[in-house]
Amino acid sequence: MKIQIKNGRVIDPKSRFDQITDIYIAAGKIVAIGDEPQGFHANRVIDASGCIVCPGLVDLAARLREPGFEYRATLESEMNAACAGGVTSLACPPDTDPPLDEPGLVEMLKFRAQNLNQARVYPIGALTQKLEGLRLTEMAELRDAGCVGFSQADAAITDTQVLVRALEYAATFGFTVWLRPQDAYLARGGVAHDGFVATRLGLPAIPHSAETIAVATILLLVRETGARVHLCRLSSAQAIDMVRQAKVDGLGISCDVSINHLHLSEMDIGYFDPNYHLVPPLRTTRDRDAIRAGLASGTIDALCSNHTPVDDDAKQMPFGEAEPGATGLELLLPLALKWADEDRIDLLDAIARITLDPARVLGLDAGYLAVGHVADLCLFDPEKRWRVEPAALRSQGKNTPFLGYEMQATVVYTLIEGQIVFDAAAP
Amino acid sequence: MSFNPQLNADGSLRHLLTIDGLPRAILTHILDTADGFITINEQEVKKVPLLRGKAIFNLFFEPSTRTRTTFEIAAKRLSADVINLNISASSQSKGETLLDTVDNLAAMQADMFVVRHAQSGAAHMIARHVAPHIHVVNAGDGRHAHPTQGLLDMLTIRKYKGEFHNLCVAIVGDVLHSRVARSQIHALTTLGVPEVRVIAPKTLLPTGVEQMGVQVYYDMALGLRNVDVVIILRLQNERMRGALLPSAQEYFKYYGLTPEKLSYARADAIVMHPGPMNRGVEIDSTVADGKQSVILPQVTYGIAVRMAVMSLLAGN
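Residue numbers (my numbering), protein chains in the order written: chain A, -16 to 410; chain B, 6 to 321.
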């Protein structure tokens, strides 16, 4: 299959290329950008006039809900959602049921995902057995099975000695440990940020210190063990400051934030809307502004969807009992662009945060466009608006705080290895 | 959601979920209506036909004696049919979701749900879900709100003090876990009380409570000075089990309302408590039964306030 993409605004964050031109694809690879190669006969010509062509998105956190939570979502439904969102590579956290703590489970997931022939799936293995925070998993075996990092997802390691050993062991092999920093005791029972909104609504609260204490602990242990750590879903201004300083000090640290925390704050909870029950909790507008600034400056490496499909029964509960999480794969691109638009962020930088930069965190040779490089790309219309409503989402999870919002960009095509895996015009 | 979920488009009351955000005129209207019902409650025939033919479901997902009983009496005096459901013991344990329970009861032609639930926001969720002709009254949700309790406290204060605009009111105790305190604070500030104080150790005060319009005191002698109304909150025994407080004895010594501590307040100060009381923990018996105590009248006014709320929401 040879494809010519004509007259698109081609944006590549790696070479900082931004120009209206043509892309030629053959045998799964980009064979030319600009002039047509000699003897190229396209089987298909895509007119990208008015559209942007960028690398396929790389998402650092997408729960596909398999195995164990198929009533919430299936690999098929969520991989479709990924393609519809322009996502061509994604990392999935290990909090499945059972958790991804054995090579067989990881192999099965990779196998099932490969058969769907859609987005590339990069499992994050469990750091401890059953995510219990007690005994280490066979990390090297899990790496051989396909894991690209190790994580506790949202489960805690309360025993700091276990954390030290997990970091030391991972560092032995050069594995990256993904940690969502949260002190389990300070967060116990909490469902919202410890501030005025939780006080007014009478919601059990999680203070800033639940995050900052955990970040401080992790940073000290990174210094001590030499482990490489990726901090997931930061939510507070102070934690971002701490990461900034750690990077100045040359620590092997990276971090991400979710689309929800980039745009929302505790104020948005309104009258107990369970769609705003998220992990970590939405914090103050000051924290949100620090997240936006940190993502702009690059202190925060990547923006992720933190895609967490939840079924209706689990969501239609009083705020505190409602299952936390939000669907996100199809909102990652438009919400990155919304941020860029609102904060006047260079489009190249905004796209880098959802392509090249997360690929670096994963250690992947992905997230950029170049001649000879694999043709994973996303083509979107930056002017075509759509409204977020259940019927508009391919994900089985319809739970998102952005229900009713108008998004300002629409994915038109997604290509993986030169194959069209999503065509918005297709029935 | 920018609209107020408890008001109709014309600004009238559709549900009573919280006092937060209700205009003063609505609060005053409820209190005035309740005033009228106090006299009915003193008559020999205590029934009025305002809710004849209406079905009111008391949905109590959390145990309660006083609140449920006063709601039941109030509904019956308004001639409604009352159905009491103690849900914690029935369908919830069979795995039925809260909204399924509500749907099933709505299908039995309910006109009003009186809801108590351990989770903050439960009444809001039910109100969002029910058909337009069904009214929801929050009888206590988690730590969030207990609006009829707040209103009956205001009725009590108005009965004994006449006005709100010249008062100083102190709320003492476990504000952190108290839906009653939150409703009282909103009611007092909305009705124009110029000085509302909370007095408690830091472990029992929620973050940013001053932003609700109260002044924070940690010391009873300072906090009770020149106070017209002292509201004592219930301190649940389970609070002693964690690290919130060292012991009931120490709490009583520093925050329990004794005659000596009450003497810091104005000589004509009234003492209130939403019940049930823990004598010797948050309040001394001498005070609870003393001449400044209006704790029993509070219960009586509770019936009038609940009659007022239900008749305003669903009255013929």
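Backbone N, C-alpha and C define an ideal beta-carbon position, used for all residues, glycine too.
Residue i touches chain B at which residues, Cβ-Cβ below 9 Å?
i: Gln165 of chain A; result: Neighbours of Gln165 of chain A on chain B: none; closest Cβ ~18 Å, over 9 Å.
i: Asp270 of chain A; result: Correct list: empty, because the minimum Cβ distance to chain B is about 14 Å.
Within 10 Å of its beta-carbon, does residue i have 16 or more other beta-carbons around it, so buried, or fewer, so exposed?
i: Arg(-1) of chain A; result: exposed
i: Val395 of chain A; result: buried
i: Val28 of chain A; result: exposed
i: His149 of chain B; result: buried
i: Gly311 of chain A; result: buried
i: Gly17 of chain A; result: exposed
i: Leu301 of chain B; result: exposed
i: Asp(-5) of chain A; result: buried
i: Tyr7 of chain A; result: buried
i: Ala416 of chain A; result: Here chain A has residues from -16 to 410 only, and residue 416 of chain A is not among them.
i: His176 of chain A; result: buried
i: His290 of chain A; result: buried
i: Lys296 of chain B; result: exposed
i: Asp239 of chain A; result: buried
i: Val404 of chain A; result: buried
i: Met(-16) of chain A; result: exposed
i: Ala309 of chain A; result: buried
i: Ser7 of chain B; result: Bear in mind that a pLDDT of 43 at Ser7 of chain B, under 50, signals an unreliable position, so the model cannot answer this.
i: Ala197 of chain A; result: buried
i: Val214 of chain B; result: buried
i: Tyr254 of chain A; result: buried
For residue i, name the three-state secondary structure that DSSP assigns.
i: Phe23 of chain A; result: coil
i: Pro38 of chain A; result: strand
i: Gln297 of chain B; result: coil
i: Arg211 of chain A; result: strand
i: Lys(-11) of chain A; result: strand
i: His290 of chain A; result: strand
i: His140 of chain B; result: strand
i: Gln112 of chain A; result: helix
i: Glu389 of chain A; result: strand
i: Asn91 of chain B; result: strand
i: Val174 of chain B; result: strand
i: Lys166 of chain B; result: helix
i: Val198 of chain A; result: helix
i: His151 of chain B; result: coil
i: Arg95 of chain A; result: helix
i: Gln124 of chain B; result: coil
Of the residues the options, which one's Cα is nearest the Cα of residue i?
i: Ala111 of chain B; options: B:Ala123, B:Gly126, B:Ala136, B:Val119; result: B:Ala136
i: Asn258 of chain A; options: A:Ala56, A:Val293, A:Ala138; result: A:Val293
i: His24 of chain A; options: A:Pro384, A:Val14, A:Phe385, A:Gly350; result: A:Val14
i: Met62 of chain A; options: A:Glu85, A:Ala96, A:Ile35; result: A:Ala96
i: Leu193 of chain B; options: B:Glu168, B:Thr263, B:Thr212, B:Gly213; result: B:Glu168
i: Arg121 of chain B; options: B:Pro68, B:Lys81, B:Ala115, B:Tyr165; result: B:Pro68
i: Cys130 of chain A; options: A:Lys93, A:Leu234, A:Pro373, A:Ile196; result: A:Lys93
i: Met117 of chain B; options: B:Val299, B:Arg57, B:Leu229, B:Leu240; result: B:Arg57
i: Ala144 of chain B; options: B:Gly155, B:Glu287, B:Leu250; result: B:Gly155
i: Ala335 of chain A; options: A:Glu325, A:Gly173, A:Asp284; result: A:Asp284
i: Asp105 of chain B; options: A:Val262, A:Thr383, A:Asp296; result: A:Asp296
i: Cys361 of chain A; options: A:Asp30, A:Phe52, A:Gly39; result: A:Gly39
i: Asp37 of chain B; options: B:Ile190, B:Leu22, B:Met159; result: B:Met159
i: Val141 of chain B; options: B:Phe65, B:His170, B:Val177, B:Arg82; result: B:Phe65
i: Glu90 of chain A; options: A:Pro76, A:Pro81, A:Val(-7), A:Pro106; result: A:Pro106
i: Asn63 of chain B; options: B:Val119, B:Arg71, B:Ile78; result: B:Val119
i: Met113 of chain B; options: B:Met130, B:Ile78, B:Val87; result: B:Val87
So which residues of chain E does residue i contact, with C-beta pairs closer than 7 Å?
i: His122 of chain B; result: Protein chains in the displayed structure are A and B, and chain E is not among them.
Determine the chain A residues that contact residue i at a beta-carbon separation under 9 Å, and present them in chain order.
i: Met217 of chain B; result: Phe179, Thr182, Arg183
i: Arg184 of chain B; result: Gly185
Anything in chain A within Cβ reach of residue i, meaning under 8 Å, just list it in chain order.
i: Ala150 of chain B; result: Gly185
i: His140 of chain B; result: What His140 of chain B touches in chain A: nothing, since even the nearest Cβ is about 17 Å away.
i: Gly147 of chain B; result: Gly185, Leu186, Pro301, Gly303
i: Pro28 of chain B; result: Those do not exist, as Pro28 of chain B stays about 17 Å from chain A at its closest Cβ, beyond 8 Å.
i: Ser93 of chain B; result: By Cβ distance, chain A contributes nothing, its closest Cβ being about 14 Å from Ser93 of chain B, past 8 Å.
Can you pull the chain A residues whose beta carbon is under 7 Å from the beta carbon of residue i, in chain order?
i: Val214 of chain B; result: Thr182
i: Ser187 of chain B; result: Contrary to the premise, residue 187 of chain B reads as Arg rather than Ser in this sequence. What Arg187 of chain B touches in chain A: Gly185.
i: Pro211 of chain B; result: Thr182
i: Asp25 of chain B; result: Arg183
Can you list the residues of chain B that residue i reaches, using a CB-CB cut of under 8 Å?
i: Phe52 of chain A; result: Under the 8 Å cutoff, chain B gives no residues; its nearest Cβ is about 18 Å from Phe52 of chain A.
i: Asp296 of chain A; result: Thr102
Suppose only complete runs of 3+ residues qualify. What are the beta strand (DSSP E) ranges in the region 211 to 299 of chain A, listed by chain order? Qualifying beta strand (DSSP E) stretches, in chain order: 211 to 214, 236 to 241, 285 to 287.
Run through the region 38 to 87 of chain A for me and flag every whole beta strand (DSSP E) of 3 or more residues, listed as ranges in chain order. 40 to 42, 70 to 75, all fully within the region 38 to 87 of chain A.
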